[in-house]
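In our numbering, the protein residues as written are 84 to 828. Glycine included, every Cβ here is placed at the ideal spot set by N, Cα and C. To keep things clear, I will list the structure first and then write my remarks on it.
Here is the structure:
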């Protein structure tokens, strides 16, 4: 029997999805279901002075209109803590509709509950609200003079300032310097499925919530604190999730609002966000500006890096995506300074967006590296090789695994990089200017801090069910876990069923930070191998087993049969043993305790990105012709789903480079393009020829399976490779994303 891990198993949920049989949170059948609709504030800053709900309450089918005047109070708003911690994970430390204050445009100010969503929508338009407005800050340029350096960011996990060496002295002594400032428009996630919550009270203190989330347990713990209930009283179910990209990583206000509304009307309530509400209700990638100063010797060896970031956060939380972390360790730089500057504005707290921080921070660094290569007259790939470090520049510790130089080499071969003419505007194809560019990709290997658990049960017919509370939100985790369990037990994948998506199942952290597969996979691996070892132990202790008194270490399992390693003709199947010993099933709970943060190694995932673009010489239109990405993500569990994840990430990077920008109207304090008609994302017509490859590196440090994750590394470096290619084609550097045609004209 060949190993399942590393194969190309089709998605186990594929046929259900293509047949329309997968049940999403807004499709779960519930008896006597009412519908709730949120009414959003039309101002960005101020207070409600009057609110008239009488006409809405009289509308046909309306069951209740809830405002700050009659909505139940929440018990506690938990502190801001990323969902990777495995505890309560609110998206922000503000819960709406508790008073008359308005802090940002789109803030919920009322909830209408009716017998249909159409009637609830209509009644929402009948609510009359009067406001007293106060000046709003919605853009960085409105308040950059009020910027401050926070003590900590990112839910308190990272410092607001970090340094090593003497960066000022090193920059002053550098033979070559590059100083550049990069600006980034806000981005929104836009998964195909809007967030949705269905709340069902089975008793006054027993609640079931069907929620579209990356972490059922995170929702359970957050609702427990908000509603003042013990976690055991709340069950969260999330079987199928139609994408997230970070919008469903944290727990926003709508699950609790659905629960409070359901309690108020005494029947189940479903609350589904509209597409426009997805722009104001689930966080976003914040507007930001990054300044990089690179100091180097004449041969290109970097001596100093100063990296400062300025970004817009909410009135409540010191949130900044960690854009400075991966750039700080990307290359050998003995002198470093990284500082986050925040401006408080009238916005919801920003949040994780795919490759949170790395997508923007590595863009700035890799564009500066391209400029440095041109300044000193060497190939951009050679510059990166000269500055490659076999150790973590921050700690001096060796990498747990790298593979970066192999990624460079393989990507260059696949792309044909060595034949490149380095001169800008040196290649044309008719009206099109042709350019090529490259960038490094780095993403930290994030680890949960709490134990990860999975349950494995083998039945006496040789089939198994494996369970863990992870959601399937498009990454293929159920498929990969089926493969991990099959190999751990030594049985074919067709005899394994993986079950997830409920807080009643063994607790695993939310699947965020490319850590979901490694976290649940490690727990599943341990559960499966412990169950296998338990059955081997029973066999060698059984007087009637052919394996009686054998050394357990000399027994292996193939196709459900335990055999001696040196005599594969001696053995018996799991089913034989269990039937003979009257065991209908055997069950094991596997627990993986993640390694401590300081494991004596630097832990990152590495890759290389290359791109070719064509730019219309007269119109400034940019077309990406081809992209090559080679990555070293440790052990690859499923080549098909990993390839899809990496390709999807690269196309996300294309969107970041050329299309995606949410525009703020500062007069109203509202997003001006809050729809998929106006917020541009790549479509099939934009997709170039994409080549994805992986370099498998052995890593015994990160987890038992040696996997690092592929969900986000594909994004990192893609935008920078495209921007560098645009420079090579046109001779004009681009310092603002997205790169639009008016910036090239």
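Taking the Cα positions, residue 92 is about 12 Å away from residue 560. Counting only unbroken stretches of 3 or more residues, the beta strand (DSSP E) elements lying wholly within the segment 460-547 are 515-527 and 535-542, in sequence order. Put simply, the backbone Cα of residue 368 is about 33 Å away from that of residue 469. Here the alpha carbon of residue 190 sits roughly 14 Å from the alpha carbon of residue 399.
Here the alpha carbons of residue 358 and residue 579 stand approximately 38 Å from one another.
For residue 675, the enclosing beta strand (DSSP E) stretches over residues 668-675.
Apart from sequence neighbours up to five positions away, the residues of its chain that approach residue 756 with a beta-carbon distance below 7 Å are 745, 746 and 762, ordered along the chain.
From the listed residues 362, 414 and 687, the smallest Cα separation to residue 379 is found for 414. Between residue 394 and residue 425, the beta carbon gap of about 6 Å places them in contact (Cβ cut-off 8 Å).
Cβ contact annotation for residue 613 (same chain, cutoff 8 Å, sequence separation greater than five): 539, 671 and 673, in chain order.
In the three-state reduction of the DSSP assignment, residue 333 falls in the coil class, being assigned neither a helical nor a strand state. Assigned with DSSP and collapsed to three states, residue 785 falls in coil, not helix or strand.
Look at residue 759 here: in three-state DSSP terms it is coil, with no helix or strand label. If the five residues before and after residue 798 are omitted, its C-beta is found closer than 6 Å to the C-beta atoms of 437, 438, 442, 732, 735 and 736, all from its own chain and listed in chain order.
Annotated as distal: residue 335 and residue 295, with beta-carbon spacing of 8 Å or more. When the five nearest sequence neighbours on each side are left out, the beta carbons in the same chain lying within less than 7 Å of the beta carbon of residue 683 are those of 480, in order along the chain.
For residue 121, the uninterrupted beta strand (DSSP E) run begins and ends at 117-123, by DSSP.
Contact between residue 532 and residue 169 holds: their C-beta atoms lie close to 7 Å from each other, under 8 Å.
Under the Cβ criterion (8 Å, minimum of three pairs), the segment 685-698 counts as touching the segment 508-528. The alpha-carbon separation between residue 231 and residue 242 amounts to approximately 13 Å. In this structure, the beta-carbon distance from residue 374 to residue 391 falls below 8 Å. Per DSSP, the unbroken alpha helix (DSSP H) holding residue 825 starts and ends at 824-827.
Secondary structure note for residue 100: its alpha helix (DSSP H) is the uninterrupted segment 97-101. A distance below 7 Å between beta-carbons, with the five flanking residues on each side excluded, links residue 329 to the following residues of its chain, in chain order: 272, 434, 435, 436, 437 and 439. When the Cα atoms are used, residue 819 and residue 104 turn out to be separated by approximately 43 Å. Cβ contact annotation for residue 423 (same chain, cutoff 6 Å, sequence separation greater than five): 236, 243, 392 and 403, in chain order. Taking C-beta separations shorter than 6 Å and ignoring five residues to either side along the sequence, the partners of residue 723 in its chain run 91, following chain order. Secondary structure in the segment 115-182: the beta strand (DSSP E) runs of 3 residues or longer, each lying completely within the stretch, are 117-123, 129-135 and 145-149 in chain order. Sequence-distant partners of residue 795 (beyond 5 residues in either direction) whose C-beta falls short of 6 Å from its own C-beta, in its chain, are 437, 438, 526 and 597. Every unbroken stretch of the beta strand (DSSP E) spanning 3 or more residues and falling wholly within the segment 202-244 is given here in chain order: 211-216. The segment 590-610 and the segment 160-174 touch, with three or more beta-carbon pairs separated by less than 8 Å. The shortest CA-to-CA distance from residue 677 to any of 419, 489 and 786 is the one to 786.
For residue 581, the enclosing beta strand (DSSP E) stretches over residues 579-582. The three-state secondary structure of residue 818, taken from DSSP, is coil.
Look at residue 450 here: in three-state DSSP terms it is helix. Of all C-beta pairs linking the segment 647-665 to the segment 617-625, three or more are shorter than 8 Å, placing the two stretches in contact.
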